[in-house]
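Peer 1: First the structure, which I've put down as structure tokens, then a few questions once you've had a look.
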Amino acid sequence: MQARLVLFAATLLIINTNIIYAQSFVIMASWAQTWADILNGGPKRWKVDDVDAKRAALSHIVQHSPNVDGRPMRILCPLAGDDPFVHYAWGQGHDVTAIDIVPDALRAMRGLFGHDMDEWSSEGDGGNSGAVWKHKSGRATLLEGDILSNRPELLRSFDVIYDKDSFGALALDDRPKFCERISEFVKDGGTLYVEVKIKDEGRESGGPPYHVEKEDLMEPTNFGGCFEYVCSLGEVYCLNMGGMKQTGHVLRRAPRR
-15 MQARLVLFAA
-5 TLLIINTNII
5 YAQSFVIMAS
15 WAQTWADILN
25 GGPKRWKVDD
35 VDAKRAALSH
45 IVQHSPNVDG
55 RPMRILCPLA
65 GDDPFVHYAW
75 GQGHDVTAID
85 IVPDALRAMR
95 GLFGHDMDEW
105 SSEGDGGNSG
115 AVWKHKSGRA
125 TLLEGDILSN
135 RPELLRSFDV
145 IYDKDSFGAL
155 ALDDRPKFCE
165 RISEFVKDGG
175 TLYVEVKIKD
185 EGRESGGPPY
195 HVEKEDLMEP
205 TNFGGCFEYV
215 CSLGEVYCLN
225 MGGMKQTGHV
235 LRRAPRR
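In terms of our numbering, the sequence shown opens at residue -15 and continues consecutively.
Listed below in structure tokens is the structure:
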């Protein structure tokens, strides 16, 4: 009987693992098509390349991160694409890690650091965890893979999480797992900087991007279970997209019990 139970449990684990792999593949295929269109000159969608916006974001982060006491911070950027914030924060002396499921997006990200691709080294076999790209400076790491995957090597590793539109882009059913992962990766007392969109038509407009307010972020199954709400930043910059505004929020990781 015990052997049968072990076999049954192992079978369930294999089935669940295969389901996760399949879901990740579908997500990657969808976003890969989107990025192929963007990189081939199509609409930029949600992308914001204005360095002033990135400078303002880092300023907010520094202002609301008293626990780092002026030292360089370790910053995680989930679903980063080729967000210039990664290069900007790196240029200001911080240690930055970005995660994205689309290799082409991170290839574009590496290009922001200069034309010499020899400045990057890679490891990994492109499996579930994907390739890991490291800059020769030792302060920039790009991870190819699903942000929802378990990554024990990142537990309690980061002073700051910079989330531009990730929460508001994910399917509603994926939010709890995303928030769980973020809560695992950030240190106690760490800062979570979140940019989301509010839409003139409200939540009824659907998404992505979804209409997101404080109450959505702080639902107990989202960030509310592990984070304290610090402040609303209001509109953080103007969008070239009618009917919506880009707003910012700051949260802080509650101490683990």
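Backbone N, C-alpha and C fix where the C-beta goes; we use that ideal spot for every residue, glycine too.
My assumption, with CB atoms under 8 Å, is that Ile131 sits in contact with Pro87. Please give the rounded CB distance.
Peer 2: Position 147 of the sequence shown, counted from the start, is the residue given in the question as residue 131. Position 103 of the sequence shown, counted from the start, is the residue given in the question as residue 87. Incorrect: roughly 15 Å between the Cβ atoms, too far for contact.
Peer 1: Would you kindly work out how many angstroms separate the C-alpha atoms of Phe162 and Ala16, rounded to a whole number?
Peer 2: In the sequence shown, the residue the question calls residue 162 occupies position 178. In the sequence shown, the residue the question calls residue 16 occupies position 32. Taking the straight line from one Cα to the other gives about 20 Å.
Peer 1: Report the option in Leu217, Ser106, Cys210, Val220 whose CA atom is closest to the CA atom of Pro239.
Peer 2: Locating residue 239 in the sequence shown gives position 255, counting from the first residue. Ranking the options by Cα distance to Pro239, first place goes to Cys210.
Peer 1: So what does DSSP say about His78, is it helix, strand or coil?
Peer 2: Taking the sequence shown and counting its residues from 1, the one referred to as residue 78 is at position 94. Coil at His78, not helix or strand.
Peer 1: Measuring CB to CB, does Ile45 end up less than 8 Å from Thr125?
Peer 2: If you number the sequence shown from 1, residue 45 lands on position 61. If you number the sequence shown from 1, residue 125 lands on position 141. Taking 8 Å as the Cβ cut-off, Ile45 and Thr125 do not qualify as a contacting pair.
Peer 1: Helix, strand or coil, according to DSSP, for Phe142 in the structure here?
Peer 2: Here residue 142 refers to the residue found at position 158 when the sequence shown is read from its first residue. Phe142: strand per DSSP, three-state reduction.
Peer 1: Name the one or two DSSP bridge partners that Arg94 has.
Peer 2: Position 110 of the sequence shown, counted from the first residue, corresponds to residue 94. In the DSSP output, where bridge partners are listed per residue, Arg94 has none listed.
Peer 1: According to DSSP, which residues form a beta bridge with Thr125?
Peer 2: By 1-based counting over the sequence shown, the position of residue 125 is 141. According to DSSP, which records beta bridges pairwise, Thr125 is partnered with Thr81, Lys118.
Peer 1: With which residues is His233 paired in a DSSP beta bridge?
Peer 2: Translated into the one-based positions of the sequence shown, residue 233 becomes position 249. According to DSSP, which records beta bridges pairwise, His233 is partnered with Val178, Ser216.
Peer 1: Cutting at 8 Å between CB atoms, please list the residues of its own chain near Tyr221, excluding the five before and the five after it.
Peer 2: In the sequence shown, residue 221 corresponds to position 237, counting from 1. Cβ within range, chain order: Val32, Asp34, Asp36, Ala37, Ala40, Gln230.
Peer 1: Can you grab the Cα-Cα spacing for the pair His48 / Pro204, in whole Å?
Peer 2: Along the sequence shown, one-based indexing puts residue 48 at 64. Along the sequence shown, one-based indexing puts residue 204 at 220. Each residue's Cα considered, the two are about 23 Å apart.
Peer 1: Taking the CB atoms as reference points, tell me whether Ala82 and Leu42 lie closer together than 8 Å.
Peer 2: Counted from its first residue, the sequence shown places residue 82 at position 98. Counted from its first residue, the sequence shown places residue 42 at position 58. No, these two residues do not count as a Cβ contact at 8 Å.
Peer 1: Is the shortest distance between the beta-carbon of Thr175 and the beta-carbons of chain B less than 8 Å?
Peer 2: Here there is only one protein chain, and chain B is not present.
Peer 1: Restricting to Cα atoms, I'd like to know which of His99, Asn134, Arg94 is closest to Arg123.
Peer 2: To locate residue 123, count along the sequence shown from 1; it is residue 139. Of His99, Asn134, Arg94, the residue nearest in Cα terms is Arg94.
Peer 1: With a threshold of 7 Å on Cβ separation, who are the neighbours of Asp66 within its own chain once the five nearest residues in sequence on each side are excluded?
Peer 2: Against the sequence shown, residue 66 aligns to sequence position 82. Contacts found: Ala89, Ala92, Met93, Leu96.
Peer 1: When burial is assigned at 16 or more other CB atoms within 10 Å of the CB, is Lys120 buried or exposed?
Peer 2: Here the question's residue 120 lines up with position 136 in the sequence shown. Exposed: under 16 other Cβ atoms inside 10 Å.
Peer 1: To the nearest angstrom, report how far apart Met202 and Ala153 are at their CA atoms.
Peer 2: Within the sequence shown, numbered from 1, the residue matching residue 202 stands at position 218. Within the sequence shown, numbered from 1, the residue matching residue 153 stands at position 169. Spanning the two alpha carbons is a distance of roughly 16 Å.
Peer 1: Going by DSSP, name the residue or residues bridged to Met228.
Peer 2: Residue mapping note: residue 228 aligns to position 244 of the sequence shown, counting from 1. Paired residue(s): Lys183.
Peer 1: Quick check: what's the CA-CA separation for Gly226 versus Ser189?
Peer 2: On the sequence shown, position 242 is the one that residue 226 refers to. On the sequence shown, position 205 is the one that residue 189 refers to. In a straight line, the C-alpha of Gly226 is about 13 Å away from that of Ser189.
Peer 1: Report yes if the CB atom of Asp143 is closer than 8 Å to the CB atom of Met57, and no otherwise.
Peer 2: The residue you call residue 143 lines up with position 159 of the sequence shown. The residue you call residue 57 lines up with position 73 of the sequence shown. Yes, they are a contact pair.
Peer 1: Quick check on DSSP: helix, strand or coil for Lys198?
Peer 2: Along the sequence shown, one-based indexing puts residue 198 at 214. Lys198: helix per DSSP, three-state reduction.
Peer 1: In the DSSP output, which residue or residues are listed as bridge partners for Tyr221?
Peer 2: For the purposes of this step, residue 221 is identified with residue 237 of the sequence shown, where counting begins at 1. DSSP lists Gln230 as partners of Tyr221.
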